[in-house]
Amino acid sequence: TLPTNTIYKPMKQTSELRFVKDLKRQAIKCFDDCNLKKIAEKIIEEDMNHIVIVDRENYLKGIVTSFDVTKAIAQNKRELNDIITKKVITTTDNEPIGLAARRMKNNNISALPVVDESKRVIGIITSEELM
Numbered sequence: 521t522l523p524t525n526t527i528y529k530p531m532k533q534t535s536e537l538r539f540v541k542d543l544k545r546q547a548i549k550c551f552d553d554c555n556l557k558k559i560a561e562k563i564i565e566e567d568m569n570h571i572v573i574v575d576r577e578n579y580l581k582g583i584v585t586s587f588d589v590t591k592a593i594a595q596n597k598r599e600l601n602d603i604i605t606k607k608v609i610t611t612t613d614n615e616p617i618g619l620a621a622r623r624m625k626n627n628n629i630s631a632l633p634v635v636d637e638s639k640r641v642i643g644i645i646t647s648e649e650l651m
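Numbering of the sequence shown is given in my numbering, commencing with residue 521 and proceeding in unit increments.
The structure is reproduced here in structure tokens:
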């Protein structure tokens, strides 16, 4: 038989389930007509490895990394279109952090632009935030 004089307490939740909106930071952006020099300057000025490329209405057009810029210089490429990743994997504010982290790992990428329901850029989450 079970004791009747014991008070049982529900398990204490040790950590809150966190969402992308809890960890995202401001995305460093360049317009889609930006040149590589400007992108390289932003990488240095903002100390950020990922530059999100948007159009004038803030719709996602692609992403460029510091490695992309380094590779472009080594290969004598001068145009943004030569190095931009146009098929960008994204996330949303309300996605659980664990799913976003898994998507980064499974796709061997280190950042996900955060977009709203109309695909406008509202931030970025990188592997650095997940550590």
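Where a beta carbon is used, it is the ideal one built from N, C-alpha and C, also for glycine.
Tell me the residue span of the alpha helix (DSSP H) that contains residue i.
i           : result
residue 560 : 556-566
residue 625 : 617-627
Would you mind working out which of the options sits nearest residue i, comparing C-alpha positions?
i           : options            : result
residue 602 : 608, 610, 592      : 592
residue 583 : 638, 538, 547, 621 : 547
residue 538 : 577, 620, 616      : 616
residue 622 : 647, 641, 640      : 647
residue 607 : 639, 594, 598      : 639
residue 618 : 605, 645, 589      : 645
My assumption, with CB atoms under 8 Å, is that residue i sits in contact with residue j. Please give the rounded CB distance.
i           : j           : result
residue 555 : residue 563 : The pair is not a contact, with the Cβ atoms about 13 Å apart (cut-off 8 Å).
residue 552 : residue 575 : 5 Å
residue 572 : residue 633 : 5 Å
residue 596 : residue 641 : At roughly 30 Å, the Cβ-Cβ gap does not stay under 8 Å, so residue 596 and residue 641 are not in contact.
residue 637 : residue 545 : Contact flag wrong, Cβ pair sits at about 20 Å.
Please classify residue i: does DSSP put it in a helix, a strand, or coil?
i           : result
residue 590 : helix
residue 540 : helix
residue 603 : helix
Span of the beta strand (DSSP E) holding residue i?
i           : result
residue 631 : 631-635
residue 584 : 580-585
residue 646 : 641-646
Would you decide whether residue i is buried or exposed? Buried here means 16 or more other CB atoms lie within 10 Å of its CB.
i           : result
residue 643 : buried
residue 580 : buried
residue 624 : buried
residue 611 : buried
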